[in-house]
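With full-length UniProt numbering, letter number 48 in the sequence shown gets 48, and the count goes up by one each step, no holes.
Below is one structure, written out as structure tokens, with a few remarks after it.
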Amino acid sequence: MKSCYGCEEQINESYKFCPHCGVRQTKLICQNCNYSNEANSKFCQECGNSLTTKSKKKIPLAAEQTEMPIPSTGITVEFNFSTSQTFDFAVEEASKFASYRMIGEGKKAVYRVNVPDTSIEELMPLLENLKGWRNRRVYHNGEKMKWDTIFGYQWCYEQRSASFRPNLYCFGYDNDYSYNLWGCIQSRLEFRENSDLFTYGKWLNTKGDWEFDKKRILHELQKNLFPFRFCPALNLGLTREVLEAFPEKVNPHQDKDWKFVENWRSQDGLKITQSKYGFPQEMYANGAQPASMKKFVMGISKKIKHKLPEGV
């Protein structure tokens, strides 16, 4: 008696297939290199040839070429043999790419695919099978990069895909109190009351003229979006248009569409007097924000060229 490769039930050693689960019990001989593989293998552990297809086309043994330069353009993903249960699936996904290459042979083989920056979304099924691996590498335009520097967006993109309305997720659809016209919630510069976004600037005088610091806003956007710059859903063109449509100067004293951002943390900023509960009260303001955030967002959206998804 022996244990089945699939369900581990005890079966007769002469059985070629398990009577309980139907899994093959005999070794699989690779037609490409004659290596003897485990019965449940999908790819040859020696040469990487598929063991599940009936194609007579052989994969050239990589011993013919043990080195191949990294492509100088696009995104290149490499991985080696792994004992992970997802190894066979990773090879299967990699082999679907026209750029697929297997370099070397046996357990020392390197599996490689390359795609243009604009096709990074096509790598998602492969990346799913490489999660947690140590023997994986990524290159951008021929230069080796840290994995999360390129694929740091992956967790957020997966949340977007699983959301109720993915096309609106990046605009803050899942938060009823926070608009996000930048097109990425990772910008961390929300269009909401008391957001830091409306404190980036300076007072030009004591009359309440406030000038937005667009260079600082741009710096914050670039810094916060850098780890997500390869996200397929990110539209930097839209982000730039929204910033350009942002007002240069406002005055909450003179414009009823704007109000002061009160500084609760310190006595820094412009000293103002406002009526609260029928009594005058002195306070300090360190910015200017829209009186109606929805009205402000609608006004910005009408100025930009990019068409926003319906429902934003």
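By construction, the Cβ of each residue, glycine as well, lies at the ideal position given by its N, Cα and C atoms.
In terms of Cα proximity to H306, the closest of L197, E143, G237 and A94 is G237. Distances from the alpha-carbon of R112 to those of L126, W182, E121 and S119 put L126 closest. For E248 and F87, the gap between their C-alpha atoms comes out near 55 Å. Bounds of the alpha helix (DSSP H) holding H219 are K214 to L225.
Partner residues in the beta bridge of F260, as assigned by DSSP, are A288. Its Cα nearest to that of P71, the residue R101 stands out among R101, K302 and Q254. Taking the Cα of R229 as reference, the smallest distance to any Cα among I217, Y153, T52 and S3 is reached at Y153. Under the three-state reduction of DSSP output, E105 falls in the coil class, being neither helix nor strand.
In the structure shown, the three-state DSSP call for G299 is helix. DSSP places R137 inside the beta strand (DSSP E), whose first and last residues are R136 to H140. Between V261 and N194, the gap from beta carbon to beta carbon is short of 8 Å.
If you check the CB distance, N135 and F226 do not come in under 8 Å. Out of Q186, W155 and V110, the CA that lies nearest to the CA of V138 is found in V110. Counting every other CB atom within 10 Å of its CB across the protein chains shown gives F296 a total of 16 or more, marking it as buried.
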